[in-house]
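Remarks on the structure that follows.
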Amino acid sequence: MSALSKTFGALTLASTVWFVGEAVGQTPPTLDQIRSSKTLRIAYDADAPPFSYIAPGSPATAAPQGYSVDLCRAVADQFKEQLKIPDLKVAYVSVNSVNRFDSIVDNKADLLCESSTATLSRRAKVDFSIPIFIDGASFAIGPNGPRDVKQLAGKKVAVLPGTTTEQELRRALTGTQINAELVLVKTNQEGIDLLAKGQVEAYFADRATLTFLLRKEKEAASLLMADTYLSIEPIALAVRRGDSDFRLAVDTALSHIYRRGEIVQVFKGAFGPLTTPSPLLNALFQISGLPD
-13 MSALSKTFGA
-3 LTLASTVWFV
7 GEAVGQTPPT
17 LDQIRSSKTL
27 RIAYDADAPP
37 FSYIAPGSPA
47 TAAPQGYSVD
57 LCRAVADQFK
67 EQLKIPDLKV
77 AYVSVNSVNR
87 FDSIVDNKAD
97 LLCESSTATL
107 SRRAKVDFSI
117 PIFIDGASFA
127 IGPNGPRDVK
137 QLAGKKVAVL
147 PGTTTEQELR
157 RALTGTQINA
167 ELVLVKTNQE
177 GIDLLAKGQV
187 EAYFADRATL
197 TFLLRKEKEA
207 ASLLMADTYL
217 SIEPIALAVR
227 RGDSDFRLAV
237 DTALSHIYRR
247 GEIVQVFKGA
257 FGPLTTPSPL
267 LNALFQISGL
277 PD
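Letter by letter, the sequence shown follows residues -13 to 278 of our numbering.
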């Protein structure tokens, strides 16, 4: 064998090994993983009520609940027929506001089911389903608290880091040249507790989350909801970026849930039997529920 042939053979072998190694390192398509394991892995946040949470005092083995989690369970039920996996199971993966998207990117979960706002910057990391809710950043206050962002000068306000609410709050303070002290909390409950004790003047979060917490907390009886919205945001389920087949499967399941009216029962189960979706939310379901 000539030196040239030996060199060519070595290069061919090296390139073969390189491509094989690259293929081995790639994440298999989500649908293939689901069909193989017969399991849909749902990522949830224990501190994102009413979308995703563990009820206080629940045992360690308690399943998460909330609007987004219930909706993802409904998606799993759709998958049983849609993907022809009648014995499909659901596994729960706990995340928080900091690592939630990493759980999808790192293939620790298939579907992120909590209160994530679909943004362009986040779409550089993950993909999103059709919208499942519309909410916005707002804030809770004490009985004599500030009613507007312009009244926050020199005051302490709390917010959960790694959220679009934090981004919108910082943007609002910068835009109005208001110098307020931001207190970054670890949980929504901590933020409400600080507010109830008078240690901060306001707590910023999604309006639905604030409404839920103020309704549930006895200590929050004297707290109020400000009328101000910092933003209006579409909430959606996050999936792995570039996995268009799985995103289509999720969107198909959601569209069927919307168009068949099943979304109303999911909504009532999370927000209360006497509640109904707002006209804006009903319009979202009608527009987002894509035809087959």
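For every residue, glycine included, the Cβ atom is placed at its ideal position computed from N, Cα and C.
For residue i, which residues in the same chain have their Cβ closer than 6 Å to its Cβ, ignoring the five residues on either side in sequence?
{"i": "Thr173", "result": "Asp33"}
{"i": "Ala144", "result": "Val169, Val171, Gly177, Leu180, Val186, Tyr189"}
{"i": "Glu167", "result": "Lys142"}
Can the beta-carbon of residue i be found closer than 8 Å to that of residue j?
{"i": "Val225", "j": "Ile118", "result": "no"}
{"i": "Ala126", "j": "Leu209", "result": "yes"}
{"i": "Ile273", "j": "Ala60", "result": "no"}
{"i": "Leu216", "j": "Ser124", "result": "yes"}
Taking the straight line between their C-alpha atoms, what separation do you get for residue i and residue j?
{"i": "Asp229", "j": "Pro15", "result": "7 Å"}
{"i": "Ser23", "j": "Leu17", "result": "10 Å"}
{"i": "Phe114", "j": "Leu98", "result": "9 Å"}
{"i": "Ser80", "j": "Lys141", "result": "34 Å"}
{"i": "Asn165", "j": "Asp134", "result": "14 Å"}
{"i": "Leu138", "j": "Arg108", "result": "29 Å"}
Could you have a look at residue i and say whether DSSP puts it in helix, strand or coil?
{"i": "Ile273", "result": "helix"}
{"i": "Leu168", "result": "strand"}
{"i": "Pro263", "result": "coil"}
Report all residues from its chain with a CB closer than 8 Å to the CB of residue i; omit the five preceding and five following residues, and keep chain order.
{"i": "Pro263", "result": "Ile249, Val250, Phe253, Phe271"}
{"i": "Ala77", "result": "Thr25, Leu26, Arg27, Ile28"}
{"i": "Ala62", "result": "Leu26, Ile28, Leu74, Val76"}
On the DSSP bridge list, what partners appear for residue i?
{"i": "Ala188", "result": "Ile127, Val143"}
{"i": "Ile178", "result": "Looking at the DSSP assignment, Ile178 forms no beta bridge with any residue, so it has no partner."}
{"i": "Phe114", "result": "Ala224"}
{"i": "Glu248", "result": "Paired residues: none, contrary to the question."}
{"i": "Leu210", "result": "Ile127"}
{"i": "Ala235", "result": "Note: Ala235 sits in no beta bridge, so no partner."}
{"i": "Asp121", "result": "Glu219"}
{"i": "Thr13", "result": "Per DSSP, none; premise fails for Thr13."}
Using a Cβ-Cβ cutoff of less than 7 Å, which residues in the same chain neighbour residue i once the five nearest sequence positions on both sides are dropped?
{"i": "Asp352", "result": "Nothing about residue 352 can be reported from this structure: the residues present for the chain run from -13 to 278 only."}
{"i": "Asp73", "result": "Lys24"}
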